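Enquirer: Just so you know, we're using numbering that gives the first Met the number 0 here: the sequence shown kicks off at 0 and counts up by one. For every residue, glycine included, the Cβ atom is placed at its ideal position computed from N, Cα and C. Only a predicted model underlies this, so the values are computations on that prediction, with no experimental measurement involved.
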Amino acid sequence: MPIKKRILYVLLLLTFSGGFIAYTYLYKPHRTIEKETAKFELKAKKIIRSFLDDQELANDTYLNQTLIITGNITEIDQNTIIVDDQLYARFGEPLTAKEGHTVRFKGRCIGYDDLLEELRFDQCHLLEHH
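(1) When the Cβ atoms of the segment 29-37 are set against those of the segment 1-13, are three or more pairs found closer than 8 Å?
(2) Just verifying my parser: in three-state terms, what is the DSSP assignment at D83?
(3) Assuming E55 is part of the alpha helix (DSSP H), what are its boundary residues?
(4) Indicate whether the contact test is met: 3 or more Cβ pairs, each with one atom in the segment 86-106 and one in the segment 50-60, closer than 8 Å.
(5) Okay, do the segment 36-50 and the segment 73-87 touch, 3+ Cβ pairs below 8 Å being the bar?
(6) For R48 versus R107, is the C-beta distance shorter than 9 Å?
(7) On the DSSP bridge list, what partners appear for L13?
(8) Span of the beta strand (DSSP E) holding H129?
(9) Quick one, are the C-beta atoms of L11 and F39 less than 9 Å apart?
(10) On the criterion of 16 or more Cβ atoms from any shown chain inside 10 Å, does Q77 qualify as buried, or is it exposed?
(11) Identify the residues that DSSP records as bridge partners of D112: which are they?
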């Protein structure tokens, strides 16, 4: 086989391999927080205090992590709750819990909002309330 054809085959193989690697990197499956194992289990007041004391360290520790949080509901609206006045949690389904209930949920920490002074969670799933 002539050398030009070999080079062409190698280039085609590298191109397809590179394309496949790029595709699998860009189109990863979505995270399913509900099925993930929580990295930490904390009281809402403790994680809020962590962000107030040292936001950079708290970001390094908790940001984009799956966490289990326990606290008291201070405000509720269909799919969202405010826990201990400073933790905003968004759920995928309407909630049956009520203000004043103690709640335990799993969710993804998306960071502290300086403007609203709230710690924010999304993709939350209710584990228990009473």
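Expert: Walking through what the data contain:
(1) no
(2) coil
(3) 54-61
(4) no
(5) yes
(6) no
(7) For L13, which the question treats as bridged, DSSP gives no partner whatsoever.
(8) Careful: H129 lies outside any beta strand (DSSP E) and carries neither H nor E.
(9) no
(10) exposed
(11) E117
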